[in-house]
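Peer 1: Going line by line, the protein sequences match chains A and B. When the letters of the first sequence are read in order and numbered with the numbering used here, they come out as residues 73 to 498. When the letters of the second sequence are read in order and numbered with the numbering used here, they come out as residues 5 to 463.
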Amino acid sequence: MTTQRHLARQPGWQSIDSGQLLLVILAGVLLVAAVAQTAAAGLVQPRDALAFGALIALGELLRLSLPGDREAAPIGSAGALGYALAVRVGTLPALQPALQVVAVTAVGMIVGALPHLAAGRPAGVGGMASRLLAVAFVAMAFRPLAHLALIDRHMWLRLAVMAVLIVAGWLAECVIKGLIRADALRARFVVSLADELRIQVPLGAAVGASAMLIALATEAMGLVALALLIAPLLVTQTAFRRYAGIRSTYLQTVRALARVTEVGGYVEDGHSYRVGQLAVAVGRELGMSEPDLLELEYAALMHDIGQLSLADPIPGGATVLASPEDQERIAGLGASVIEQAGVLGGVAEIVRRQSQPWRGSDGEPPIGSRIIRAANAFDDLVGGSPDRDRSAAALERLRLDTAAEYDPGVVEALTKVTGRWYPGRL
Amino acid sequence: MSRLTRAAWLYMAVVVTAAVLLLAHVLVQAMAGGQDYLLSRALLVLAVLFMICDSSPTTLTSRQSAWSPSSAATLAAVVLLGPGGAALVGATSLISLRRGGLRERAFNGAMYALSAYASGEAYLALGGHIGVPRPGLFPGIILPFAAAAAVHVAVNHGLLWSMLLLLPPSGASLQRGRLDLHLSLLLVSDLGYATLGLLIAALWHLVGPFAAVLVLIPLFVARWAMGQFAAQEGAYSATMAALCQAVETKDFYTRGHSERVSRGATLLARQIGMGAERVEAIRYAGMLHDVGKLGVPTKVLQKTGPLTEEELAAIQLHPMRGLEIVRQIGFLTEALDGIMHHHERMDGKGYPMGLAGDEIPEFARVIAVADAFDSMTSTRSYRGARSVGEAVAELRKCSGMQFDPVLVDAFIAALAQGRWDSQAAGQPPPAALPGDFPAQVAAQDHDDPTAPLRVVESR
Numbered sequence: 073m074t075t076q077r078h079l080a081r082q083p084g085w086q087s088i089d090s091g092q093l094l095l096v097i098l099a100g101v102l103l104v105a106a107v108a109q110t111a112a113a114g115l116v117q118p119r120d121a122l123a124f125g126a127l128i129a130l131g132e133l134l135r136l137s138l139p140g141d142r143e144a145a146p147i148g149s150a151g152a153l154g155y156a157l158a159v160r161v162g163t164l165p166a167l168q169p170a171l172q173v174v175a176v177t178a179v180g181m182i183v184g185a186l187p188h189l190a191a192g193r194p195a196g197v198g199g200m201a202s203r204l205l206a207v208a209f210v211a212m213a214f215r216p217l218a219h220l221a222l223i224d225r226h227m228w229l230r231l232a233v234m235a236v237l238i239v240a241g242w243l244a245e246c247v248i249k250g251l252i253r254a255d256a257l258r259a260r261f262v263v264s265l266a267d268e269l270r271i272q273v274p275l276g277a278a279v280g281a282s283a284m285l286i287a288l289a290t291e292a293m294g295l296v297a298l299a300l301l302i303a304p305l306l307v308t309q310t311a312f313r314r315y316a317g318i319r320s321t322y323l324q325t326v327r328a329l330a331r332v333t334e335v336g337g338y339v340e341d342g343h344s345y346r347v348g349q350l351a352v353a354v355g356r357e358l359g360m361s362e363p364d365l366l367e368l369e370y371a372a373l374m375h376d377i378g379q380l381s382l383a384d385p386i387p388g389g390a391t392v393l394a395s396p397e398d399q400e401r402i403a404g405l406g407a408s409v410i411e412q413a414g415v416l417g418g419v420a421e422i423v424r425r426q427s428q429p430w431r432g433s434d435g436e437p438p439i440g441s442r443i444i445r446a447a448n449a450f451d452d453l454v455g456g457s458p459d460r461d462r463s464a465a466a467l468e469r470l471r472l473d474t475a476a477e478y479d480p481g482v483v484e485a486l487t488k489v490t491g492r493w494y495p496g497r498l
Numbered sequence: 005m006s007r008l009t010r011a012a013w014l015y016m017a018v019v020v021t022a023a024v025l026l027l028a029h030v031l032v033q034a035m036a037g038g039q040d041y042l043l044s045r046a047l048l049v050l051a052v053l054f055m056i057c058d059s060s061p062t063t064l065t066s067r068q069s070a071w072s073p074s075s076a077a078t079l080a081a082v083v084l085l086g087p088g089g090a091a092l093v094g095a096t097s098l099i100s101l102r103r104g105g106l107r108e109r110a111f112n113g114a115m116y117a118l119s120a121y122a123s124g125e126a127y128l129a130l131g132g133h134i135g136v137p138r139p140g141l142f143p144g145i146i147l148p149f150a151a152a153a154a155v156h157v158a159v160n161h162g163l164l165w166s167m168l169l170l171l172p173p174s175g176a177s178l179q180r181g182r183l184d185l186h187l188s189l190l191l192v193s194d195l196g197y198a199t200l201g202l203l204i205a206a207l208w209h210l211v212g213p214f215a216a217v218l219v220l221i222p223l224f225v226a227r228w229a230m231g232q233f234a235a236q237e238g239a240y241s242a243t244m245a246a247l248c249q250a251v252e253t254k255d256f257y258t259r260g261h262s263e264r265v266s267r268g269a270t271l272l273a274r275q276i277g278m279g280a281e282r283v284e285a286i287r288y289a290g291m292l293h294d295v296g297k298l299g300v301p302t303k304v305l306q307k308t309g310p311l312t313e314e315e316l317a318a319i320q321l322h323p324m325r326g327l328e329i330v331r332q333i334g335f336l337t338e339a340l341d342g343i344m345h346h347h348e349r350m351d352g353k354g355y356p357m358g359l360a361g362d363e364i365p366e367f368a369r370v371i372a373v374a375d376a377f378d379s380m381t382s383t384r385s386y387r388g389a390r391s392v393g394e395a396v397a398e399l400r401k402c403s404g405m406q407f408d409p410v411l412v413d414a415f416i417a418a419l420a421q422g423r424w425d426s427q428a429a430g431q432p433p434p435a436a437l438p439g440d441f442p443a444q445v446a447a448q449d450h451d452d453p454t455a456p457l458r459v460v461e462s463r
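1) Cα separation between A/VAL96 and A/ALA195?
2) For a test of the three-state rule: what should DSSP assign to A/ARG215, helix, strand or coil?
3) Out of A/ALA449, A/ALA166, A/GLU132 and A/GLY355, which has the shortest C-alpha to C-alpha gap to A/THR290?
4) Straight-line CA distance for B/LEU311 to B/ALA250?
5) Distance cutoff 9 Å, beta carbons only. Does A/GLN168 sit that close to anything in chain B?
6) Cα separation between A/SER361 and B/ALA229?
7) Does the Cβ of B/LEU118 have 16 or more other Cβ atoms within 10 Å, making it buried, or fewer, making it exposed?
8) Check the DSSP bridge columns for A/ARG356 and list the partner residues they point to.
9) Between B/TYR116, B/LEU43, B/ALA397 and B/ARG282, which has its C-alpha nearest B/ALA22's C-alpha?
10) Could you tell me the alpha carbon to alpha carbon distance between B/ALA397 and A/THR333, rounded to whole angstroms?
11) Determine the direct distance from the alpha carbon of B/PRO87 to that of B/ALA154, and round the result to whole angstroms.
12) Could you tell me how far apart the beta carbons of B/ASP452 and B/ARG384 are, in whole angstroms, since I believe they sit closer than 8 Å?
13) Quick check: is the beta carbon of B/GLN232 nearer than 9 Å to any beta carbon in chain A?
14) From B/ASP194 to B/SER75, what does the alpha carbon distance come to, in whole angstroms?
15) Below 9 Å between beta carbons is the criterion; list the residues of the segment 123-153 of chain B that meet it against any residue of chain A, in chain order.
16) Check whether the segment 104-117 of chain A and the segment 272-279 of chain A touch, using three or more Cβ-Cβ pairs below 8 Å as the test.
17) With DSSP as the reference, label B/LEU178 as helix, strand or coil.
18) Count the other C-beta atoms from every protein chain shown that fall within 10 angstroms of the C-beta of A/SER463, then say buried if there are 16 or more, exposed otherwise.
19) Is the separation between the beta-carbon of A/GLN324 and that of B/GLN332 shorter than 9 Å?
20) If we define contact as Cβ-Cβ less than 9 Å, is B/TYR197 a contact residue for chain A?
21) Just mark A/ASP459 as buried or exposed, buried being the case when its beta carbon has 16 or more other beta carbons within 10 Å.
22) Quick one: is A/ARG225 buried, meaning 16 or more other Cβ sit within 10 Å of its Cβ, or exposed?
23) Counting only Cβ pairs nearer than 7 Å, list the residues of chain A close to B/SER317.
24) Measure the Cβ-Cβ separation of A/SER433 and A/PRO139 and say whether it is below 9 Å.
25) May I ask which residues mark the beginning and end of the beta strand (DSSP E) holding A/ALA144?
26) Is the segment 482-495 of chain A close to the segment 48-57 of chain B, with three or more CB pairs under 8 Å?
27) Report the three-state DSSP secondary structure of A/VAL415 (helix, strand or coil).
28) Per DSSP, what kind of secondary structure is B/PRO139 in: helix, strand or coil?
29) Mind pulling the alpha helix (DSSP H) runs of 4 or more residues that sit fully within the segment 84-170 of chain A?
30) Determine the direct distance from the alpha carbon of B/ALA90 to that of B/GLY4, and round the result to whole angstroms.
31) Using the rule of at least 16 other Cβ atoms within 10 Å of the residue's Cβ for burial, across every protein chain shown, is A/ARG119 buried or exposed?
32) Pull up the distance between the alpha-carbon of B/GLN431 and that of A/GLU340, whole angstroms please.
33) Which whole-angstrom value is the C-beta distance of A/ALA121 and A/ARG135, which I expect to be below 8 Å?
34) What would DSSP say about B/SER403, mapped onto helix, strand or coil?
35) May I ask you to list the residues that DSSP assigns as paired with A/ARG258?
36) Quick check on A/GLY198 - is its C-beta less than 9 Å from some C-beta in chain B?
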């Protein structure tokens with residue numbers, strides 16, 4: 073399919089690239105050191121280690137996909153952090169050293185990941201590595217303090233130290249994930265960090281509070297607390313799973329239904345999909361945040377939906393060749409279709425103003441509209457063709473129009489993005 | 005709960021009176037027995053916790069009381085304070101900050117007080133210890149606590165569901181549908197929250213009321229996620245409806261067709277007792293069943309004379325094109341089958357595959373009935389809308405040949421029970437939207453069993 077061919081070179085999140093490789097190596101070194109040290113020194117309190125390891129493995133088995141190709145293992149993370157923060161199990165002091173916590177966590181994660189591998193799903197090594205590093209950080213900071221008289225006797229001080237460490241570990245994990253994402257998707261680090269923080273706040277709060285609950289409850293009830301806590305953790309996890317599930321179905325549906333314009337012969341095959349991909353890449357290049365990018369993608373996918381109201385398709389379907397009045401009418405009709413849904417107000421606005429020139433009489437259109445205008449024109453001129461001369465000619469034409477029609481910043485970003493997709497172009 | 009039947013009123017009065025008597029008994033006993041829990045910090049904290057849980061709105065179901073995490077507070081009260089204290093905590097539902105009339109509050113308060121007291125008695129009966137549990141009590145305390153949780157869930161849901169059954173039929177059936185869909189989740193989360201009750205009680209000697217805060221955080225995150233889920237689900241179905249309508253703009257006379265077929269198919273699916281998830285899937289399948297019609301050239305749809313073989317083939321291809329569009333949506337395969345085969349006939353003369361009888365997927369057979377019914381009861385350019393009676397007669401006539409007789413009977417039964425909103429069907433075409441292009445008018449309807457497509461006789 074021509075649709076995917078020239079997009080295939082875009083680095084995918086699942087492929088291992090330099091930043092992720094570094095992270096995995098770091099976690100691997102830590103894992104080997106922790107396991108070697110624990111094996112040499114012998115496992116302290118093996119019953120506790122086994123129980124926590126089992127909880128971590130279960131959590132890894134029940135991994136969760138979050139919006140934007142993210143993965144989390146909230147139950148596993150909460151269990152591992154709880155193990156790192158436990159001061160007593162029942163009435164006995166919990167004596168596991170930090171490296172044992174790391175070793176138990178790592179082994180639990182690997183055991184829990186095996187069924188995923190067996191089922192042919194990606195192992196998610198990068199996600200596991202960043203989770204392990206966060207746990208290691210908390211364990212190394214807290215284990216030496218765990219039996220200080222100060223911490224042991226003053227519950228409030230202990231709670232405060234726990235909370236601070238959990239937040240610090242969470243921040244570190246977000247920074248690592250933000251760095252990797254910025255590297256993989258060629259986004260700006262500040263933007264991807266902000267995206268990461270926004271998305272991880274609710275789940276991070278739940279995991280942090282659950283970790284403290286686990287640490288305290290094992291003290292109050294003994295190991296049976298772990299079994300009891302699985303039920304409420306599962307409730308939280310199920311709620312997240314449903315939320316992530318409907319979000320991805322939503323996107324899939326809009327992607328699929330946007331194709332009705334192609335089936336109806338209004339536009340070329342793959343046009344909506346390509347404009348969607350192009351617009352998102354340009355938006356990312358320009359530093360747009362994830363919620364804005366999602367809105368942009370919806371708008372880009374549906375930007376031609378107004379053509380459905382045309383009696384007969386425009387020849388070739390290319391709106392760039394239609395008269396300005398027709399372009400405006402199509403945009404307006406498309407926007408009113410989207411407005412009928414009553415939920416995508418921002419998207420409707422982007423679609424409505426996509427037909428307006430950058431320096432028009434109505435003021436500057438929103439950034440989303442400007443991006444779609446340029447991306448649509450580019451795809452109308454180039455189509456799915458992988459020919460880089462054609463792409464260069466199209467960009468040249470857009471550049472000549474930057475005085476009035478196209479936003480020069482957008483055209484420049486478009487040039488950069490398409491330059492990556494057609495390597496070797498000058 | 006705007007209008008109540010007499011039975012519902014009576015039922016409510018019985019429940020509320022029982023709860024009032026119970027609370028009076030609890031208060032008298034507490035004062036006479038010199039129990040000091042009435043002034044304890046635990047009662048105050050748990051009552052506040054209960055109110056916080058009960059006050060925050062959720063949009064998961066139409067009745068939030070059906071999915072309230074507040075059982076964590078009442079069950080903690082069972083362990084820390086005993087049945088009487090738990091009943092008092094549950095009764096605070098009466099003054100929760102949630103919107104709702106006095107009637108609803110009174111019923112909820114009574115329901116929670118009764119279920120909390122019953123679970124407390126179950127806890128005591130199995131030898132549960134009342135007061136702050138020490139580590140030595142675990143794991144022995146778990147069995148009586150599990151019994152208390154089970155009793156709480158059973159009494160709570162029992163009282164609520166009996167009320168729903170007594171409500172006026174339309175509202176109740178709607179709510180029951182929604183409840184069905186989430187029933188497994190409801191039960192799991194109820195038991196999950198019950199466990200949190202035990203945790204609060206167990207952590208009380210370590211951190212006191214702070215246990216409640218720690219428990220509240222994940223709980224509210226879960227509620228947030230559920231709220232997001234519900235909002236996204238609503239947005240999803242609104243977007244889908246709008247896009248389907250956009251597909252229909254080509255032809256005035258079929259506007260609203262997808263929406264009505266979707267409702268008809270849902271009605272029929274419920275009538276034959278399909279599970280909630282399948283009903284949801286068929287709702288979307290009904291909405292999307294004609295999406296492939298967009299691949300049929302406008303001039304073929306508008307043609308007044310008989311069709312050539314090629315034009316007929318173009319029309320008959322539309323289920324396949326529809327499938328092609330929706331295949332990449334993460335749907336149940338059943339919904340895809342329904343879209344692809346909705347023009348098959350029981351006698352095997354349909355398209356695109358010519359399947360017969362039971363070979364036709366159930367979803368497709370359901371959609372076929374709803375599709376033809378809506379086509380007949382709507383106005384067409386070549387005829388006015390037929391009455392429901394005429395359409396039913398036509399369905400009967402074609403039953404067995406074109407339609408599945410079991411489904412036709414079920415559909416007619418559902419119509420007879422007055423479940424079809426005839427207001428929506430058979431209306432004249434809606435006025436044009438401002439700025440709209442001139443309406444296109446199809447001269448033939450491929451869905452209409454009374455006016456089959458005319459084809460040029462081949463030599």
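Just so you know, even glycine gets a beta-carbon here, dropped at the ideal spot from N, CA and C.
Peer 2: Let me spell this out:
1) 12 Å
2) helix
3) A/ALA166
4) 26 Å
5) no
6) 21 Å
7) buried
8) In DSSP, A/ARG356 forms no bridge with anything.
9) B/TYR116
10) 38 Å
11) 15 Å
12) 7 Å
13) yes
14) 7 Å
15) PRO137, ARG138, PRO139, GLY140, LEU141, PHE142, PRO143, ILE145 and ILE146
16) no
17) Note that B/LEU178 scores a pLDDT of 43, beneath 50, so its modelled location is shaky and nothing firm can be said.
18) buried
19) yes
20) yes
21) exposed
22) exposed
23) The sequence shown places Ala at residue 317 of chain B, rather than the Ser named in the question. The contacting residues do not exist; B/ALA317 stays about 16 Å from chain A at best.
24) no
25) 142-144
26) no
27) coil
28) helix
29) 90-113, 118-133 and 146-157
30) Residue 4 of chain B lies beyond the range of chain B shown here (5 to 463); nothing can be said about it.
31) exposed
32) Bear in mind that the predicted position of B/GLN431 carries a pLDDT of just 47, short of 50, making it unreliable; the figure below should be weighed with that in mind. Each residue's alpha carbon lies about 36 Å from the other.
33) Not a contact, Cβ separation roughly 22 Å.
34) strand
35) Bridge partners of A/ARG258: none, in fact.
36) no
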